[in-house]
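Student: Handing you a structure now.
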Amino acid sequence: MSALTTYLRDKHALWYKFLLYVFSVAIIVFFFPGEGAFKYELEKLSGKPWNYEQLSAPFDFPVYKTAKELAQEKSEIEQTKKSYFFRNPSLLKTSGFESFLSRIKDKKTAFLCKQINDSIQKKDIIETSEVTAGKKNSFPVIVVEGNIQKD
Numbered sequence: 004m005s006a007l008t009t010y011l012r013d014k015h016a017l018w019y020k021f022l023l024y025v026f027s028v029a030i031i032v033f034f035f036p037g038e039g040a041f042k043y044e045l046e047k048l049s050g051k052p053w054n055y056e057q058l059s060a061p062f063d064f065p066v067y068k069t070a071k072e073l074a075q076e077k078s079e080i081e082q083t084k085k086s087y088f089f090r091n092p093s094l095l096k097t098s099g100f101e102s103f104l105s106r107i108k109d110k111k112t113a114f115l116c117k118q119i120n121d122s123i124q125k126k127d128i129i130e131t132s133e134v135t136a137g138k139k140n141s142f143p144v145i146v147v148e149g150n151i152q153k154d
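Just so we're on the same page, my numbering is the position in the sequence shown counted from 1, plus 3.
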């Protein structure tokens, strides 16, 4: 037994380091998580919409752009936007056109005025507005009649 105690006494620093190492490894392994838990399955999402709750940052941050970038984006939007116009079928009644037609004595002139007005109404846009000002003669317009839109 004295040989064992002599051996332990002489090598106690080495044994201390070994036990400290084993204890440290055991503590680290104990506190590590069992498996990596990632909430999202990205492999299943390829080509599909996002199925999980909305991801958003807990803070807001501004996106700074120069005046040149803003002007360029505005001009791009102005060039590519589509203008929506709503057809107003009661416009003829409110504009007094019917009373104008009733004052014309000649039936042929009244008929021609009505034909001209109908052809103008079929074109959908009677007067230019700030939306159409400065645009080319042909630009995309969408006319909404009731709840139906026509390109």
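Glycine included, C-beta positions come from ideal geometry on N, C-alpha and C.
Starting from phenylalanine 88, follow the beta strand (DSSP E) in both directions and report where the run begins and ends.
Tutor: 86–89
Student: Three-state secondary structure (DSSP) at valine 146?
Tutor: Valine 146 sits in a strand when the DSSP states are folded into three classes.
Student: Excluding the 5 residues flanking leucine 11 on each side, which residues of the same chain have their C-beta closer than 6 Å to its C-beta?
Tutor: Same-chain partners within the cutoff: there are none.
Student: Taking Cβ to Cβ, would you say arginine 106 is nearer than 7 Å to glutamate 148?
Tutor: no
Student: Helix, strand or coil for alanine 16, going by three-state DSSP, please let me know.
Tutor: helix
Student: I'd like to know whether the C-beta atoms of tyrosine 24 and tyrosine 43 end up nearer to each other than 7 Å.
Tutor: no
Student: Only counting runs of 4 or more residues, tell me where the alpha helix (DSSP H) segments fall wholly within the region 9–65, in order along the chain.
Tutor: Secondary structure remark: continuous alpha helix (DSSP H) runs of at least 4 residues inside the region 9–65, in chain order: 15–34.
Student: Output the boundary residues of the alpha helix (DSSP H) element that contains threonine 69.
Tutor: First-last for threonine 69: undefined, no H or E at that position.
Student: Which of helix, strand or coil does DSSP assign to isoleucine 107?
Tutor: coil
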